[in-house]
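Student: Number 86 in full-length UniProt numbering belongs to position 86 of the sequence shown; there are no gaps in the numbering.
Ideal placement from N, C-alpha and C gives every residue a C-beta, glycine not left out.
Only a predicted model underlies this, so the values are computations on that prediction, with no experimental measurement involved.
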Amino acid sequence: MADNVIEGNQNGAPVVNPEMERITATILKSTIEAIPLLTMDNYSLWKDRVDNMLDLQNLNDSLTKNDGFLTSSQDTQLRAIIVAKLDSSVHINIINSENKKDARLIWKSIIKYFALAEGSNRAR
């Protein structure tokens, strides 16, 4: 059961703990604000911070696994966060007409782009 849910009321329905809900929202806001713009020089740091944000929302597997699934609302929220955290020089290489409305495709494009970039840097 989620940390912000108390076992249940008399009817057995879960009761949300408002204090935990507020703390969780504050932590999530701080975590999102701590994600830097993704540039060609900070992929490792950026990915670690995005992974933390995904873990807080229990969305890591939903976004990153091949069999993952995002609801429409989750997709919209993640897309908004991820795209907002891309430097314009990276954005132009990641976002295209095929993936711009799909957080999972954007994520795959980021991973692929930086895997190729790291590979070419090692070859030098």
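Please return the same chain residues whose Cβ sits closer than 7 Å to the Cβ of residue 126, not counting the five positions on each side in sequence.
Tutor: Because the chain spans 1 through 124 in this model, residue 126 falls outside it and cannot be assessed.
Student: Which of helix, strand or coil does DSSP assign to Leu86?
Tutor: strand
Student: Going along the chain, which unbroken runs of the alpha helix (DSSP H) with 4 or more residues stay wholly within the region 59-119?
Tutor: Entirely contained in the region 59-119, the alpha helix (DSSP H) runs reaching 4 residues are, in chain order, 60-64, 72-84, 88-94.
Student: Taking DSSP as the reference, what is the three-state secondary structure of Leu38?
Tutor: The answer is strand: DSSP assigns Leu38 an E or B state.
Student: Mind checking which residues open and close the alpha helix (DSSP H) that includes Asn52?
Tutor: In this chain, the alpha helix (DSSP H) harbouring Asn52 covers 43-56.
Student: Taking Gln74 and Ser88 to be in contact with their CB atoms under 8 Å, please state how far apart those CB atoms are, rounded to whole angstroms.
Tutor: Not really, about 25 Å apart at Cβ, beyond 8 Å.
Student: Determine the direct distance from the alpha carbon of Asn99 to that of Ile111, and round the result to whole angstroms.
Tutor: Their Cα atoms are separated by approximately 13 Å.
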